[in-house]
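Which chain is which? The protein sequence lines are A and B, in order. 230 is the number that the working numbering gives to position 230 of the first sequence; each next residue is one higher, with no gaps. For the working numbering, add 300 to where a residue sits in the second sequence, where the first one is 1. A short worksheet on the structure shown next.
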Amino acid sequence: MTNDVKGKQNWISRASPVLVVTAVIIAIWYAATVFLNAPFQKDIYKRGNNTTWTTSQLIKDTMSQKRPVLPSPHQVINEIYKTTVLKKITSKRSLIYHSWVTLSTTLVGFLIGSVLGILLAVGIVHSRTLDKSLMPWVISSQTIPILAVAPMIIVVLNAIGVQGLLPKAFISTYLSFFPITVGMVKGLRSPDVLYLDLMRTYSANKWQTFWKLRWPSALPYLFASMKIAISIAMVGAIVGELPTGAVAGLGARLLAGSYYGQTVQIWSALVMAAFLAGTLVALVGVANTYVDKRMGVKAQ
Amino acid sequence: MTTSASTSRRLFIASAISVLTLISAFVLIQKALAFEQPPSLMFWVGVIAVWLAAWFGVDMFAKLKIKNQMLDRAVSLLIPVLFGVWLLILWQLITTGFKVPTVLLPPPSAIGARFAASIPTLWADFQQTFLKAVLIGYVLGCGSAFIVAIAIDRSPFLQKGLMPIGNLMSALPIVGVAPIMVMWFGFDWPSKAAVVIIMTFFPMLVNTIAGLNDNTEIQRDLMKTYAAGYWQTLFKMRLPLAMPFIFNALKINSTLALIGAIVAEFFGTPIVGMGFRISTEVGRMNVDMVWAEIAVAALAGSAFYGAIALLEKISTFWHPSMRQNKRA
C-alpha cells in the first residue's frame with residue numbers, strides 16, 4: 001500500500017516538471033506566433049485602410065492567417081485533424097497516407113540495418129582480422145555525411161530501374177547499421193572473462209558460447225542501439241524522399257510545403273514525424289521490457 | 301630489440317606480400333584501363349588470386365603480436381589503410397573491367413581526375429557550407445547549449461523538466477525544420493547555420509547536464525571540506541568531470557552539423573555550397589563531380605571529427621577511458 005502511494009508520488013514528481021516546461025514552451029510558441037505574424041497582419045490592415053484595429057483583434061488575426069510565418073499550435077493541430085480524420089486514407093492529401101509511406105521505408109531500412117549491423121558485429125567479435133581492418137572503417141563511415149549522398153543514390157538507382165521503397169530504405173539502412181554494430185560489438189564483448197572461462201570448463205564450443213552467453217548479455221546493448229537506430233532510420237527515410245520530386249511521404253510534404261509557402265503543412269508534417277519517431281522509440285522500449293521480463297531480468 | 305625473431309620474420313613476409321599484391325594490383329589496373337573488350341575470365345581469376353593474397357597478408361598483420369609499442373601502433377594503423385586501399389582497387393577494377401557506365405558508378409581514377417580539375421569550385425563550396433554554415437552554427441549551437449546547461453544547473457526542477465524533452469528532441473528528425481529556417485532566414489548561409497544550431501543544441505544540452513551530475517558523494521564532500529564555493533566547485537571539479545560527456549556530444553554534433561547544413565541546402569541556396577552542387581550535378585548526371593563533392597564532405601567530416609577527438613585526448617588525458625591499455 002505504502003509502496004503504491006510512493007510510486008504515485010514518484011510519478012507525479014517526475015512528470016510535473018516536464019508538464020510545466022511543456023506548458024511554458026507552448027506559451028512561448030503562442031507569443032512568438034503573435035510577434036512574428038504581427039507585421040504582416042498590420043500590413044494587411046494598412047492596405048485595407050483598416051485603422052481601427054484593436055490589439056485583441058490583431059492577436060486573433062495573427063493566429064488565423066493562411067500562410068503565417070509561424071502557425072499557432074492549434075492551427076497545426078487543426079490541420080493534422082483535417083488531413084488525418086477528415087480525409088480518406090487513400091487520398092494523396094491524407095497525412096496518414098504520407099506517414100505510412102515514410103513509416104514503411106523506415107521499418108524496412110531499420111530491419112535490414114539491424115540484421116546487417118548484428119552480422120557485422122558477430123564477424124568483428126569473432127575475427128581479429130575483421131576487427132582490425134573493418135572496425136575503423138565502420139566508425140569513419142559515419143563521419144561521411146551519407147545524407148548528402150542520398151539524392152545521388154536515389155537518382156542513380158532510379159536510372160537503372162530500381163524504384164520505390166528500396167533506394168530510400170537503403171539510406172535508412174546505412175544510417176541505422178552503425179549504432180547497432182558499435183553497440184553489439186560492445187555487447188558481445190561484455191561477458192566477463194570469468195564467464196567465458198566457465199564456458200570453457202563446460203567445453204562449450206563457439207556456437208554454444210555465442211547463444212548461451214554472448215547473445216543474452218548483448219541484448220541490453222542491442223535495445224539501446226536500436227532506439228538510436230530507429231530514430232535515425234526515420235531521418236534517412238525523410239531525407240530520402242526529398243530528391244524524388246516530392247512524390248509521397250513526410251519528406252515530400254516538407255518539400256512541397258516549402259515550394260508553395262504552405263507553412264501549416266510543413267509544421268503538420270513535422271509534428272507527425274516527431275510523433276512517429278517518438279512512437280517507434282517507445283515501441284522499442286516496450287519490446288525491451290517484454291524481453292527483459294521473459295529473460296527474468298528484475299525490474300528496477 | 302624486444303620483437304622476437306619469428307615475429308620479425310613474419311612481419312617481413314606480411315609486408316612483402318602486401319607490397320607485391322599492391323604492385324600486381326597496379327598492373328591489373330593498367331591492363332583494365334587498356335581493355336577494349338570486357339576482359340577474359342583469366343583476368344578475373346588473377347584479380348581474385350591477388351585479392352586473396354592481399355587478404356592473407358592483412359590477416360598475417362592482424363595476428364602479429366608485437367611488443368614494440370611504436371611498431372604495434374604503426375601496424376594497427378596500416379591494417380585499416382590496406383583494407384581501404386583494397387576497397388578502392390576492387391572498385392576501380394570492377395568499374396573499368398565490367399565497363400560499368402560512369403553515370404552509375406565512376407571509377408576512383410575518374411573521380412580523382414575530376415577532383416583535381418575542379419578544386420576552385422570545390423573550395424568555394426567548402427567555404428560556403430563548411431566554413432560559414434557548419435562552423436558558425438556548430439559553435440553557436442554547442443555554446444548556447446552549454447551556457448543553458450550551466451544556467452539551469454542550480455534548478456533541479458528545470459533540469460528534470462528539460463532532460464526528458466531534450467532526450468526526446470534528440471530522437472526527433474530535426475532536419476525537418478530546414479524548410480522553415482530557409483523561409484525565415486533566407487537562402488544564404490544563416491538559414492543553414494540556424495538548422496545546425498537547432499540540431500546540435502539538444503545533444504549538447506542533455507550531455508552537459510548529465511556530465512555535470514556525474515560526480516560522487518565523496519568528491520562533493522571533498523570540495524566541501526575545502527570550503528569551495530559554487531563556482532569553484534563548478535570549475536575545479538564538476539566541469540572537468542563533465543568533460544568526457546561534453547566531448548561525446550561535440551563528437552556526435554560534428555557529424556550532425558555537416559548533415560544539417562548539406563540537407564538544408566536542398567531546400568534552397570544561392571548558387572554555391574556542397575548540398576547545392578550535389579543536387580544540381582546529380583540532375584545533370586555529372587556523377588563524377590558528385591563523387592568529388594562527396595569526397596570533400598567525407599574529408600571535411602573526418603577531419604572535423606578527428607580534430608575533436610584529438611582535442612579530447614589532449615584535454616582529458618587523465619580519464620580512465622583514455623589511458624593506454626598496457627596489458628596487451
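Beta carbons: idealized from backbone N, C-alpha and C, even for Gly.
Nearest candidate by alpha-carbon position, reference residue i, set the options
| i | options | result |
| --- | --- | --- |
| residue 234(A) | 276(A), 79(A), 14(A) | 276(A) |
| residue 613(B) | 543(B), 491(B), 523(B), 457(B) | 543(B) |
| residue 63(A) | 57(A), 72(A), 55(A), 187(A) | 72(A) |
| residue 265(A) | 208(A), 28(A), 65(A), 182(A) | 65(A) |
| residue 292(A) | 260(A), 218(A), 51(A), 211(A) | 218(A) |
| residue 377(B) | 131(A), 44(A), 116(A), 273(A) | 131(A) |
| residue 273(A) | 260(A), 85(A), 252(A) | 252(A) |
| residue 470(B) | 490(B), 482(B), 460(B), 499(B) | 499(B) |
| residue 189(A) | 294(A), 284(A), 204(A), 213(A) | 213(A) |
| residue 439(B) | 392(B), 485(B), 556(B), 593(B) | 556(B) |
| residue 282(A) | 472(B), 426(B), 326(B) | 472(B) |
| residue 441(B) | 505(B), 363(B), 385(B) | 505(B) |
| residue 351(B) | 391(B), 431(B), 593(B) | 391(B) |
| residue 396(B) | 383(B), 410(B), 384(B), 386(B) | 410(B) |
| residue 118(A) | 78(A), 93(A), 60(A), 187(A) | 187(A) |
| residue 250(A) | 15(A), 124(A), 206(A), 80(A) | 80(A) |
| residue 531(B) | 394(B), 454(B), 367(B), 511(B) | 454(B) |
| residue 57(A) | 207(A), 42(A), 146(A), 297(A) | 42(A) |
| residue 121(A) | 288(A), 13(A), 222(A) | 222(A) |
| residue 152(A) | 312(B), 582(B), 611(B), 599(B) | 582(B) |
| residue 419(B) | 373(B), 341(B), 596(B) | 596(B) |
| residue 297(A) | 220(A), 263(A), 280(A), 242(A) | 220(A) |
| residue 93(A) | 45(A), 138(A), 268(A), 295(A) | 268(A) |
| residue 558(B) | 458(B), 480(B), 427(B), 363(B) | 427(B) |
| residue 324(B) | 389(B), 340(B), 383(B), 341(B) | 389(B) |
| residue 615(B) | 512(B), 539(B), 514(B) | 539(B) |
| residue 384(B) | 11(A), 238(A), 76(A), 138(A) | 138(A) |
| residue 184(A) | 161(A), 114(A), 199(A) | 114(A) |
Contact set for residue i: own chain, Cβ-Cβ below 6 Å, skip 5 residues either direction
| i | result |
| --- | --- |
| residue 561(B) | 429, 433, 434, 492, 496 |
| residue 357(B) | 314, 317, 318 |
| residue 460(B) | none |
| residue 417(B) | none |
| residue 565(B) | 573, 575, 576 |
| residue 112(A) | 173 |
| residue 301(B) | Note that residue 301(B) scores a pLDDT of 45, beneath 50, so its modelled location is shaky and nothing firm can be said. |
Spatial neighbours of residue i in its chain, beta-carbon cut-off 7 Å, leaving aside the 5 residues before and after
| i | result |
| --- | --- |
| residue 110(A) | 172, 176, 229, 230, 233 |
| residue 70(A) | 32, 33, 36, 37 |
| residue 485(B) | 491, 494 |
| residue 523(B) | 533, 537 |
| residue 26(A) | 73 |
| residue 361(B) | 314, 375, 378, 379 |
| residue 393(B) | 328, 329, 332, 347 |
| residue 300(A) | Legend: pLDDT at residue 300(A) = 47, less than 50; position of this residue unreliable, value from coordinates given subsequently. Correct list: empty, nothing qualifies. |
Own chain residues within Cβ distance below 8 Å of residue i, not counting five before or after
| i | result |
| --- | --- |
| residue 421(B) | 577 |
| residue 508(B) | 445, 446, 449, 450, 542, 545, 546, 549 |
| residue 191(A) | 213, 214, 217 |
| residue 403(B) | 585, 587 |
| residue 563(B) | 475, 478, 495, 575 |
| residue 369(B) | none |
| residue 333(B) | 396, 409 |
| residue 626(B) | Note that residue 626(B) has pLDDT 43, beneath the 50 cutoff, so the model's placement of it is unreliable and no number is given. |
Supposed contact pair residue j and residue i - C-beta distance, whole angstroms, cut 8 Å
| i | j | result |
| --- | --- | --- |
| residue 476(B) | residue 103(A) | 15 Å between Cβ atoms; not a contact. |
| residue 136(A) | residue 408(B) | About 19 Å separates the two Cβ atoms, so there is no contact after all. |
| residue 165(A) | residue 105(A) | 6 Å |
| residue 413(B) | residue 572(B) | Actually they do not touch by this definition, with Cβ atoms about 22 Å apart. |
| residue 150(A) | residue 108(A) | With 8 Å as the limit, residue 150(A) and residue 108(A) do not qualify as a contact, their Cβ atoms being about 16 Å apart. |
| residue 179(A) | residue 225(A) | 4 Å |
| residue 502(B) | residue 443(B) | So it is not a contact: roughly 14 Å between Cβ atoms. |
| residue 608(B) | residue 554(B) | 6 Å |
| residue 345(B) | residue 328(B) | Rounded, the Cβ-Cβ distance is 11 Å, inconsistent with contact. |
| residue 39(A) | residue 263(A) | That pair is no contact at about 15 Å. |
| residue 285(A) | residue 227(A) | 7 Å |
| residue 21(A) | residue 468(B) | Going by Cβ atoms, the distance from residue 21(A) to residue 468(B) rounds to 11 Å, so no, they are not a contact pair. |
Secondary structure, alpha helix (DSSP H): runs of 4+ residues fully inside the region 104-192 of chain A: 128-141, 146-159, 165-188
What are the complete alpha helix (DSSP H) segments, minimum 4 residues, inside the region 543-612 of chain B? 574-583
Beta strand (DSSP E) segments (min. 3 residues) lying fully within the region 28-58 of chain A: none
In chain order, what are the residue ranges of uninterrupted beta strand (DSSP E) at least 3 long that sit wholly in the region 390-463 of chain B? none
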